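Note sheet for the following structure.
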Amino acid sequence: MLPQLLVSGIALGGVYALVALGFVLLWQTARTVNFAQGDFLTASAVGILVLSAHLPGLRMVAVLGGFLLAAVVLGAVFHRAVVAPLLGRGFLPLVMATLIVAGLIRILAADFWSPEPQPFPAVLPGGVLHVAGAVLPVRDLWTIGVTAGAVGLLSGLLRWTALGRAMRAVAQNRELARVLGIDAARVTLAAFVVNALLAALAAVLIAPLYYVTYDMGVELGLKAFYAAIIGGFNSLPGAVVGGVIVGVVETLSSAALAGQYRDAVVLVVLVALILWRPQGLLGAPEEEG
Amino acid sequence: MTKRVWHCVLAVGVVAGLLGGGALPPGLGQASPVLVGVVAELTGPGATVGANWRDGVLLAVKEINAHGGILGHPVRTTVLDTETQPPVAAAAMRRIAGDHPFVVMGPVYSSSTLVAMKVLQEASIPEFVGSEDDRVVREGNPYIFLTSYTAGGFMQQFTRWIVTHVRPRRVAIIYSNDAFGKSTEASFVADMKPYGVPIVADVATAVGQADFTGELTRIAQAKADTLFVTSHAPENARIVKQIRTLGLSVRIVGASTLMSSDTLQLAGEALDGAAGIVQEESVAPPFRALAARFKAAYGRDPSHDAIKGYLGMQVAKVVATRVKSLEGRALAAALRGITLTPQDDPGILMPLHYNEDGSLDSEAFSVRVAGGQFTVTGQIPPLHPALFVRR
Amino acid sequence: MRARGSAFRTGGLLLVGAGLALGPALWHPSYPLYVLTLTLVMGVAACGLNLTLGYGGQISLGHAAFMGIGAYAVAILGKRGGEFWPAWGAGIALATAAGIALGVPCLRVRTHYLALLTLAFNVIATLVMVNDEPLTGGPLGISNVPRPRVPGAPPDLALYYVTLAVAAAVAAGERALRASQFGRGLVALRENELRASTVGLSVVAYKVLAFALGAALAGAAGGLLAALTGYVDPTPYTVTQSFWLLLMVVIGGLGHSEGPWLGAAVLTALPEVLRGARNLYLVVFSLLSLALLLMAPGGLASLLAPRTPPLPRRGARLPDPEVPSRAS
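Chains as they are written, first to last, in our numbering: chain Y, 157 to 445; chain W, 57 to 447; chain C, 80 to 407.
Below, the structure written as structure tokens:
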């Protein structure tokens with residue numbers, strides 16, 4: 157049974173990691189925590205479903221339209237209306253604003269889209285593989301693969317492109333970056349658009365399993381938050397490691413003990429990890445600002 | 057520029073909020089309207105059940121008004137959100153009590169019902185709730201009326217059915233670790249004891265959980281031949297799908313959260329072969345016509361809670377008509393021990409009986425899923441058939 | 080200018096105080112009285128968080144759990160036949176102990192890891208509330224929670240005045256704290272931890288005390304909330320509610336005296352007032368909250384009293400343009 161538990165745990169971890177990447181990305185590029193990250197996933201999924209309903213038979217068009225909508229609304233509009241006015245005004249106001257946006261997305265989804273869970277058509281082929289005596293749905297393999305690919309792409313973006321380096325400079329010291337000639341506003345906008353696209357990608361991969369419901373982002377966002385902290389908030393590969401740890405510990409605890417206190421076990425393990433390595437497993441110790 | 061936009065939002069919002077309520081338009085028609093308060097979970101985790109409850113109540117009100125209202129008065133509704141939080145539910149209940157409705161419909165969550173029922177009791181306003189927990193009817197409140205069996209009552213029916221029809225030798229249960237799942241599990245375990253069938257695995261899951269490998273592993277290791285799946289629709293659908301993916305051979309049984317159209321829509325063919333009993337589901341014969349009307353009005357099948365809301369509203373109307381009064385004490389007194397049938401009023405979709413404690417008794421139906429569709433396989437008598445005999 | 084500004088503030092406070100003290104005695108319909116009492120209760124809890132976070136600089140994402148301890152203490156002791164007052168005291172003591180117990184390990188950990196620790200505390204506390212049915216009544220909790228009894232007064236009104244008295248005491252206490260040696264020590268600590276410790280301030284003691292006091296206030300609020308609704312269940316004490324408390328303090332003004340009360344008014348009373356907007360009321364409320372936050376990132380209190388700078392916020396990278404920089 158252990159191989160199955162590990163395989164499923166890793167697959168679950170891949171899901172958390174994909175959402176956690178958004179947390180790390182925004183930390184690296186804007187030094188902020190977006191508590192609406194999970195709900196961005198919800199919004200993207202709902203957007204795709206609504207478009208699909210209006211474009212029967214044109215599923216890929218609806219998906220692409222969903223990505224575009226996400227980039228515009230969850231990226232550009234969100235940045236212009238909420239992020240830009242609050243960046244640099246202290247850590248908490250912006251973070252709290254993302255919390256309000258999270259709640260708003262949930263309310264709008266429940267009231268104006270649907271209070272009931274809806275199925276989400278799978279974009280990727282189904283079927284199962286048999287790996288090491290365990291059953292692994294092909295879609296889970298895709299999720300893990302896409303997550304790994306996303307880590308690679310984002311790391312490359314941040315480390316080797318001019319835009320990426322500009323993003324990191326702006327995050328570390330906005331004023332200095334401006335003095336050096338970087339258009340801070342545009343750079344941050346780019347970061348949020350990338351984050352929105354990441355959320356849409358996560359939605360496409362995760363929604364077929366999770367079904368689309370107005371509060372699907374709550375648990376996902378929380379678990380992804382744990383994953384990001386465990387991996388070290390400032391490390392993209394760390395988010396993957398963190399996600400896998402959360403997923404595996406969850407699955408193993410479910411098998412080993414009565415389910416009622418399972419989340420407690422997971423948290424105790426995470427807390428122990430943090431007390432052992434306060435900067436997270438792969439993170440670099442950050443100077444306290 | 058952005059700041060100015062937000063200033064405008066602020067101004068518009070304040071105006072909209074404060075003036076939006078204002079004076080509600082006077083009732084239509086000659087007679088003054090009667091007020092029905094609808095207090096339900098419209099946001100928060102309970103939105104799925106509360107929104108359905110509200111839609112069922114509102115459909116009933118629409119139909120009642122189309123047939124002349126209650127005692128000649130048109131029915132008006134005020135809908136208040138509890139945000140799935142007991143302190144907010146308490147506020148909403150106090151607010152609605154101040155408007156003097158003749159009856160309040162809701163909430164559905166037992167915790168919200170428990171926190172606020174005294175408010176209505178003190179105002180002598182009858183309350184029809186979607187709650188099912190036995191605790192609700194044990195508080196000695198003469199104004200509270202359920203719209204279904206209690207969880208305990210349902211489990212009595214369920215365990216009797218499972219032992220006689222499914223004849224399991226080793227049963228397992230997987231349930232959600234919240235008020236609904238835990239009370240179902242407690243009643244199930246207690247009611248199965250006299251039948252002597254061992255419960256080999258008893259597994260709790262978190263609400264919103266997506267992967268059940270750990271839980272299903274334990275169930276497989278316990279070698280259960282029958283699994284009672286009683287979480288919420290999305291989790292149930294995922295559990296059932298994973299059972300198929302993992303290749304577990306176990307008979308799947310369940311009640312209203314499993315054998316419902318929303319679970320079927322999510323689980324698809326993975327649900328084939330599942331069986332169970334339901335009291336108020338759109339698949340059951342008495343509710344098919346309602347389901348069609350509900351679908352025409354809202355574009356989806358009515359859930360368990362929608363049917364409860366509809367039924368409760370219709371019962372309120374019928375009893376008010378019978379006692380020719382809208383006065384709370386008279387209504388509450390008349391409701392206790394009442395037996396109603398479709399002959400009394402077409403809105404009463406099935407024969408039902410209100411017990412002294414406010415719980416509802418009626419027949420139930422056994423159902424099965426085959427080929428992606430529900431089929432009704434039998435009828436199950438009420439808990440106390442003798443009470444249904446009319447004097 | 081300064082004298083006029085402060086006279087305006089004092090006058091305003093007196094007016095509000097008089098209104099709160101006398102108004103309900105004259106007119107107390109059930110619904111507004113409930114909302115007002117609830118707002119004051121949440122204000123007390125928010126004051127606690129303001130102490131821990133705004134003064135002590137300790138991010139606490141689990142503050143609702145302290146409220147839960149206070150609330151369940153009143154309910155559990157009440158179930159065994161206890162009266163309100165001793166149960167309330169016990170709840171405050173327990174919450175304080177929990178605050179100290181949580182504060183100590185938190186000293187070793189920094190910002191977002193502190194967040195995880197306090198989050199974990201809250202999640203575990205909630206799980207205990209949900210699962211330990213013999214003790215806590217499980218997910219459906221405990222009904223018939225005892226209330227403070229004031230002979231001769233109708234129970235709702237009695238509870239309101241008790242809450243008002245507690246709120247007034249907390250507000251006065253907070254004022255005294257700010258001016259006291261402890262308060263000034265906390266400020267010094269926030270501005271420069273290293274320097275403060277070199278002049279002999281025990282960093283550990285001050286931080287733990289900030290946690291403990293914050294927890295005590297939350298525990299007191301929890302006990303009052305239990306009495307107000309007459310019912311406890313885990314819902315008002317979950318992580319979601321902790322975030323809500325945090326939002327309350329930030330919208331009101333972190334580190335300002337009036338902050339928690341303004342925040343409580345916005346997050347507790349405003350949605351009820353907006354119910355007239357029917358099914359849009361929460362959308363309107365969310366947009367209004369966002370607008371308030373965007374117009375006053377330092378909190379509403381920072382708008383009202385621009386001449387009293389708040390305690391400097393940890394982690395702020397740039398000086399808040401609305402606050403004049405401190406000379407010292």
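Using N, Cα and C, we set each Cβ at its ideal position, and we do this for glycine too.
It should be emphasised that the depicted structure is a prediction, and the values quoted were computed from it without experimental measurement.
Buried or exposed by the 16-neighbour rule on C-beta atoms within 10 Å, applied to residue i
i: W:Thr433; result: exposed
i: C:Val202; result: buried
i: Y:His210; result: exposed
i: C:His185; result: Inspection of the sequence shows that residue 185 of chain C is occupied by Cys rather than by His. Label assigned to C:Cys185: buried.
i: C:Ala406; result: Its pLDDT being 38, under 50, C:Ala406 is placed unreliably in this model, and the value from its coordinates should be taken loosely. The residue is exposed, with fewer than 16 neighbouring Cβ atoms inside 10 Å.
i: W:Arg110; result: buried
i: Y:Asn329; result: exposed
i: Y:Val233; result: exposed
i: W:Asp417; result: buried
i: W:Tyr231; result: buried
i: C:Cys126; result: buried
Beta-carbon contacts of residue i that lie in its chain and below 7 Å, excluding the five residues immediately before and after
i: W:Ala257; result: Ala228, Arg274, Ile275, Ala278 and Ala280
i: W:His360; result: Ser312, Ser316, Glu336 and Glu337
i: W:Leu170; result: Arg191 and Val192
i: C:Arg354; result: Tyr360
i: W:Gly393; result: Tyr410 and Glu412
i: W:Pro89; result: Gly83, His129, Pro130, Val131 and Arg132
i: Y:Ala340; result: Val326, Arg330, Ala333 and Arg334
Nonlocal neighbours in the same chain, by C-beta distance under 6 Å from residue i, ignoring five residues either side
i: W:Ala235; result: Ser166
i: W:Thr395; result: His409 and Phe444
i: W:Ala27; result: Residue numbering for chain W in the displayed model covers 57 to 447; residue 27 of chain W lies beyond these limits and cannot be assessed.
i: C:Leu193; result: Ile138 and Cys185
i: W:Pro342; result: Leu405 and Met406
i: Y:Tyr370; result: Arg262, Ala265 and Ala266
i: W:Ile295; result: Phe268 and Val285
i: C:Gly231; result: none
i: C:Pro313; result: Thr205, Met208 and Val209
Rounded Cβ spacing between residue i and residue j (contact assumed at less than 8 Å)
i: C:Val245; j: C:Leu303; result: 7 Å
i: Y:Ala266; j: W:Ala103; result: 4 Å
i: Y:Ala384; j: Y:Ala176; result: 4 Å
i: W:Val334; j: W:Val423; result: 6 Å
i: W:Leu283; j: W:Val263; result: With a Cβ gap of about 19 Å, W:Leu283 and W:Val263 do not count as contacting.
i: W:Pro157; j: W:Ile126; result: About 12 Å; that fails the 8 Å criterion.
i: W:Gly112; j: W:Ile363; result: 6 Å
CB contact flag (residue i, residue j, <8 Å)
i: C:Tyr310; j: C:Gly220; result: yes
i: C:Val224; j: C:Ala299; result: no
i: C:Ile155; j: C:Thr197; result: no
i: W:Val95; j: W:Leu136; result: yes
i: Y:Leu181; j: Y:Leu354; result: yes
i: Y:Gly338; j: Y:Ala358; result: Reading off the sequence shown, one finds Ile at residue 338 of chain Y, where the question assumed Gly. Cβ atoms of Y:Ile338 and Y:Ala358: not closer than 8 Å.
i: W:Ile255; j: W:Leu272; result: no
i: Y:Gly373; j: Y:Leu197; result: yes
i: Y:Asp195; j: Y:Gly377; result: yes
Contact test: residue i Cβ vs the ligand SAM heavy atom, cutoff 7 Å
i: Y:Ala340; result: Among the components modelled here there is no ligand, and therefore nothing to report on the ligand SAM.
Sequence-distant residues of its chain with Cβ nearer than 8 Å to residue i (five each side left out)
i: W:Pro143; result: Val171
i: C:Leu181; result: Gly141, Leu196, Thr197, Phe200, Phe290 and Ala294
i: W:Val245; result: Ile229, Ile255 and Asp258
i: C:Thr387; result: Only weak support exists for where C:Thr387 lies, its pLDDT of 49 falling under 50; the value from the coordinates is given anyway. His335.
So, does the stretch 334-342 of chain Y touch the stretch 412-420 of chain Y, judging by three or more C-beta pairs under 8 Å?
no
Pair every Cβ in the stretch 138-151 of chain W with every Cβ in the stretch 98-116 of chain C, then say whether three or more of these pairs are closer than 8 Å.
yes
Three or more C-beta pairs under 8 Å: does that hold for the stretch 320-337 of chain C against the stretch 249-265 of chain Y?
yes
For the pair the stretch 275-291 of chain Y and the stretch 308-315 of chain Y, tell me if three or more CB-CB distances fall below 8 Å.
no
Count the CB pairs spanning the stretch 341-348 of chain C and the stretch 166-173 of chain C that are closer than 8 Å, and state whether there are at least three.
no
Counting beta carbon pairs with one atom in the stretch 387-406 of chain Y and one in the stretch 215-229 of chain Y, are three or more of them shorter than 8 Å?
no
Count Cβ pairs between the stretch 171-183 of chain C and the stretch 144-163 of chain C that sit closer than 8 Å; are there 3 or more?
yes
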